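Q: Chains A and B, in that order, are what the protein sequence lines are.
Following the working numbering, the numbering of the first sequence begins with 1 at its first residue and continues without gaps.
Following the working numbering, the numbering of the second sequence begins with 1001 at its first residue and continues without gaps.
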Amino acid sequence: MQIQIHISSCVSARIFVFTLAILGASFFASGVAQAASLADGLKNYKSFVVEHIGVALSGAKELQQAVKAKNAKAAQTAWIKSRKGWEAVEPITGEFFSELDEAIDAWPDSKKGYHAIEAALFAGKLGGIFAPVDELVANLAKFSNELGKPDFQFEPQGLMNGLTKLAYEVGENKSKGGESPYAGTSLIDMQENVEGIEALYQMVFEDPLKEKDAKLAGEIHEKIEAVEKLVKVKSLKALNQPALHKGGEELAVLLQSAALKLDLNKPAVGEK
Amino acid sequence: MHRLRTPICKAAAAAAAFLAVFAAVSLSAEPIATKEGVLPAGTELNEDQLDQPTELFWSELAGGKRSYLLNLGDMLFSSPTILGGAARQAGISCGTCHQQGGGNTKLFVPGMSSRAGNFDTTGPFFNPKADNGVLDPVRPPSLRGAKYLAPYGHNGRFASLRDFVRNVIVNEFAGGEPSPQVLDALVDYIQEIAFLPNAKLTAGGRLSKEASAAAKRGEILFNKPFPRNAAMSCASCHVPSGAFVDHQIHDVGTGGWQKTPTLLNANLNAPYFHDARYDSYEQVVDYFDKHFDLRLSAKDRSDLVAYLNAIGEADKPTTRNTVQAELEELESFSSVFDVAIPARNSEIAVLAADALGIEWRDLGEKFPGRTDTTVSGGVKERLRARNTIRGVVLTLRRIAMAAADGDFGRAAEAYAAYQKEAAAAADVLKQAEPYSLFNPKIWEAHFKAVKQLADIAKEKSRSK
C-alpha cells in the first residue's frame, strides 16, 4: 500500500508530502519491505535536516557579511534566520553531532557559538564578534559536510532519543528569558523545536507506530499538536509555562512508550 | 528551591574544604537580564546560592521525625503550582520569598520593590485584583517560630495563620482556592519552622555566659524604662521571655500600626522594619533613640547594638547545599506518595508529582550539560547525572498521568519504579557532584560566565 504523510503546515509553513512505500505490516520487523519503509522515512528526514542546516549555514554566512559591512540590523536578521534553521533540527544535534553542538550552541560562553554572538550583536556591538561568527560559519559548514557524506545515516534509536529529549526540554522553564534571551527570540526557538519534533515524528515514527498501536500513535499526534498550540503565542510572556512543562513531559512519556512498541530501547533523555 | 537542614549536615567536613574556596566568592547568581521573560528585567530572586539559610523543625529538635503533613506542606511551599497568575508562570513559590522558612534579604522586583529585601504584595503585577494603587512594599518576614508569633501579617490583620496563608495564595498571588488538605499541610509546615539555636541566649530569653560585656550592658538598657515614659522599655514590646514579641500592633512612627517583630535570629533578617527601610541595627537604634527621646550616649547605642546582635544570632545560620541534602529532601517529599496513592488521593498525588518533578529538574540543572563550556571535566559523570534525573522526572510524570486518570494501580507501579530510579540516582549524582554547581569553583565559573554574557548584552542599548 502507499501512504502519503502530510507534514502539517507548521513545518516551515509548507506542506511536505512524502511517499512511503509500506508493503508490510511491521516497521522494524525483519524483511525487505519494512527495511525499505524505514529507509524512506530516514531518507526523508535526512532531507529535512539537510535543508534546515542549509538555512542555518546560509544565515550564518549572511551574518558574516553583515558583520563585515557593520550592518547591525542585517546581522541580527541573519542571526535569527540561522538560528531558526538550527533549532528545527535540535532533535539530532546533540545526539549525532555532540562536539559540534557543543561549539555551536555553547552556553554560557562569551567566546563562541550562537549565544556569544547574540549577547553582543543584539546590544549593537559588532566589533568583537568577527572571530566567533567565522567559527560559527566553519562549524555549520562542517556540520553540513558531515551530514552530506553518503555513508552518513540516521539510526532510529538515536532519533527516538533526540526526539524524546527535545520533548522534555521544550517544557523547561522559559520564564527568565529562555534559550535566546538577548535576541528575544526564545519563543521562535521553541516554535522551531516543536516543528522539528513534529517533522521527525511524522516522517519517521508515526505510521509504523500506527501499525503497532494506533491509539498511542494518535495520542502522540494530538499531544504534539497541543504543545504546538501552546508555543504559538505572540510573546514569551503570553506562554502558558506550566501547561507547556506538563505537555512536554507527557509527550516524552508517550514517546518512551512508543519506543518500546517499535522494538527500540527506552530512549535516553539526556545528552550523548 | 532546595532546603537544607542542620541535622542533615553529614557533608560538613567536605563542605569545609569547599568553604575555603568559597570564602573569596562574592558573586551571586545573576538577576534576570532579559525583557522577554515573565518577570521584569532586573528581578533578583536570590536563587541558586550554595550556602542557604538553615532550616530546622520543632519535631526534629524534639528528637522526632517529619510527619506526612509536614512533608506535604514543605513540598507545596516550594511549588509554584499552588499559586496563580504571573507567579505560577514565573516558577515563583512561597519559598522564593521565604527561603528555607527564612526571609529573602536580596529579593527585588522592579516596580514592586523600593529596595532589595522588600516587595509589594498589594501591587498590580502578581494579581491586579489585589492592587491597592500604592507602592507599599513590605519585607518578606522570616517564618521561624511562626507558631509563636500571631497575629499574622506585618500589621497583624490576621489572627489565624490559616486565613493568612489562604490570603497569600488567593489574593496576593492569584492562586485557586486551596483545598482544606493543602491548607492543613501548609499551616503545619509553617508552624513547624523553628527558631535556630543561639548559644548566647538562655531559655528565659536572658543572655548566657557566651555573650560579650557590651551585650550584657545593652541587655540592661533594653529593659530600662524610657526616660519620658517609665511604663515603657524596649522589653515591654519585645518581651524577652516571650520570643521578644507582645503579640500587639503599635504605631512607632513608621507609617501606621505594625506588629512587634521578633528579635530572635533577627541578624539573618536585615533589612529591618516592616518596609525594610533600615539596613542595620545601628540605624534601628538611632531611630528609636530619636523617636522615644531615649537620650542614649554613643556607648549606650553601641551596647544596645551588641545586645541585638547577641539575641539575634544563630549558631549555624547557613548550611552548604550538597547532593546528599537534596536527595534527603526529595526522599522526604516523595514519602507523600506512601499516603496519597493508597488513599487514592488524586489531588495530592498530582500536586506531589508536579512539585517533585520541578525539584528534580532544578537539581538536574546543577549538573552542567555538554554545551556549558565553563566546565571541562567530568563530562561523562555530568551527562549521566542529567540523563538519570530526566528519567526520574518522566517517571514522576507517569505517576501524575496515572493519578489524574484515577488509575492508582498504574500510579503505584510508577511510584515503585520511581523509588528504584531515585535510589539508583544517588551514586550517579554523587559521582558527578565534584563537576557540578555544588562545587564552588564550578559554581563561580558558571555564574561568572552568565554574568559576562549579561554584561556584554547590556553595554549598549539594543538596536532591535
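The beta carbon of each residue, even a glycine, is placed where N, CA and C say it ideally should be.
Being a predicted model, the structure only gives us computed values, none of them experimental.
Using a Cβ-Cβ cutoff of 9 Å, what residues of the segment 1419-1436 of chain B are near chain A? List them in chain order.
A: Listed by position along the chain: nothing, the set is empty.
Q: How would you label L1453/B, buried or exposed, when you count the other beta carbons within 10 angstroms and need 16 or more for buried?
A: So L1453/B counts as buried.
Q: Going by other Cβ atoms of all chains shown within 10 Å of its Cβ, with 16 needed for buried, is I224/A buried or exposed?
A: Answer is buried; the Cβ neighbour count reaches 16.
Q: Would you give the residue range spanned by the alpha helix (DSSP H) that R1320/B belongs to?
A: R1320/B -> not in any alpha helix (DSSP H); beta strand (DSSP E) instead, spanning 1318-1320.
Q: Run through the DSSP bridge pairs and tell me what S1113/B is partnered with.
A: Per DSSP, P1110/B.
Q: What number of angstroms, rounded off, separates the C-alpha of V1379/B from the C-alpha of L1061/B?
A: Approximately 40 Å between the Cα atoms of the pair.
Q: For the segment 1178-1227 of chain B, which segments carrying the alpha helix (DSSP H) assignment without a break, of at least 4 residues, lie completely within its bounds, in sequence order?
A: 1180-1192, 1213-1223, all fully within the segment 1178-1227 of chain B.
Q: Starting from S82/A, find everything on chain B with Cβ-Cβ shorter than 8 Å and list it in chain order.
A: By Cβ distance, chain B contributes nothing, its closest Cβ being about 16 Å from S82/A, past 8 Å.
Q: Can you name the residues of chain A whose CB is closer than 7 Å to the CB of M1401/B?
A: Here the neighbours are E250, V253.
Q: Could you check whether the Cβ of D109/A sits closer than 7 Å to any Cβ belonging to chain B?
A: At least one chain B Cβ lies under 7 Å of D109/A.
Q: Beta-carbon separation of A199/A and L209/A under 7 Å?
A: No, the Cβ-Cβ distance between A199/A and L209/A is not below 7 Å.
Q: Output needed in chain order: residues of the segment 172-193 of chain A with a Cβ under 9 Å from some Cβ in chain B.
A: Answer set for the segment 172-193 of chain A: E172, N173, K174, S175, K176, G177, G178, S180, P181, Y182, A183, G184, T185, S186, L187.
Q: Per DSSP, what are the beta-bridge partners of P1053/B in this structure?
A: Note: P1053/B sits in a beta bridge opposite T1318/B.
Q: Taking Cβ positions only, does T1034/B come closer than 7 Å to chain A?
A: So, interface residue.
Q: Between the C-alpha atoms of L1268/B and E195/A, what's the straight-line distance to the nearest angstrom?
A: If you take the alpha carbons of L1268/B and E195/A, they lie about 49 Å apart.
Q: Any Cβ of chain A within less than 7 Å of the Cβ of Q1452/B?
A: Yes - at least one Cβ of chain A is within 7 Å of the one on Q1452/B.
Q: Under 6 Å Cβ to Cβ from G1205/B, same chain only, skipping five residues before and after it: list those, please.
A: Cβ within range, chain order: P1240, S1241.
Q: Please report how far the alpha carbon of M1232/B lies from the alpha carbon of F1125/B, in whole angstroms.
A: So the two alpha carbons sit approximately 41 Å from each other.
Q: Against K1380/B, what residues of chain A qualify as contacts under a CB-to-CB distance less than 8 Å, listed in chain order?
A: Within chain A, no residue comes near K1380/B; the closest Cβ sits about 11 Å away, beyond 8 Å.
Q: Let me confirm a value: N173/A is counted as buried when at least 16 other C-beta atoms fall within 10 Å, else exposed. Which label applies?
A: With 16 or more Cβ atoms within 10 Å of its Cβ, N173/A is classed as buried.
Q: Give the DSSP bridge partners of N1229/B, in chain order.
A: Paired residues: F1226/B.
Q: When every heavy atom of the ligand ZN is checked, does at least one fall within less than 6 Å of the C-beta of G1145/B?
A: What this structure holds is no ligand at all, so the ligand ZN is not there to describe.
Q: Contact defined as beta carbons within less than 8 Å: I believe G1117/B pairs with L1135/B. What is the distance between those atoms, to the nearest angstrom?
A: The pair is not a contact, with the Cβ atoms about 15 Å apart (cut-off 8 Å).
Q: For chain A, is any of its Cβ atoms less than 7 Å away from the one on T1260/B?
A: Judged by the 7 Å Cβ criterion, T1260/B is not in contact with chain A.
Q: Do you know whose CA, among A1215/B, S1142/B, E1359/B, lies nearest I1193/B's CA?
A: Of the listed residues, the one whose Cα sits closest to I1193/B is S1142/B.
Q: State yes or no: is the beta carbon of A1353/B nearer than 7 Å to at least one beta carbon in chain A?
A: False, the Cβ-Cβ gap to chain A never drops below 7 Å.
Q: So, does the CB of G1095/B fall closer than 7 Å to a CB anywhere in chain A?
A: So no, G1095/B is outside the interface.
Q: E1210/B: which of L1186/B, A1306/B, C1237/B sits nearest, CA to CA?
A: Nearest of L1186/B, A1306/B, C1237/B to E1210/B, Cα basis: A1306/B.
Q: Please return the same chain residues whose Cβ sits closer than 8 Å to the Cβ of V1038/B, not counting the five positions on each side in sequence.
A: If we look at V1038/B and ignore the five residues flanking it on each side, its Cβ neighbours are A1086, Q1089, A1090.
Q: Please confirm whether T1373/B has its beta-carbon closer than 7 Å to some beta-carbon of chain A.
A: By this cut-off, T1373/B is an interface position.
Q: My guess is that E1421/B and V1392/B are in contact by the Cβ rule of under 8 Å, so how many angstroms apart are they, rounded?
A: Contact holds; Cβ gap of about 5 Å.
Q: Taking 7 Å as the limit between beta carbons, can you name the residues of its chain near F122/A, skipping five residues before and five after?
A: The answer, listed in chain order, is Q76, Y182, A183.
Q: Buried or exposed: which applies to D1131/B, given that a residue is buried once 16 or more other Cβ atoms fall within 10 Å of its Cβ?
A: Flag for D1131/B reads exposed.
Q: What's the C-alpha gap between E1044/B and L1437/B?
A: Rounded to the nearest angstrom, the two C-alpha atoms are 19 Å apart.
Q: Can you list, in chain order, the residues of its chain whose CB lies under 6 Å from that of E148/A, leaving out five sequence neighbours each side?
A: First, the amino acid is wrong: residue 148/A is Gly here, not Glu. Around G148/A: no qualifying Cβ.
Q: When you check each C-beta in the segment 74-107 of chain A against every C-beta of chain B, which residues fall closer than 9 Å?
A: Answer set for the segment 74-107 of chain A: Q76, G94, S98, E99, D101, E102, A103, I104, D105, A106, W107.
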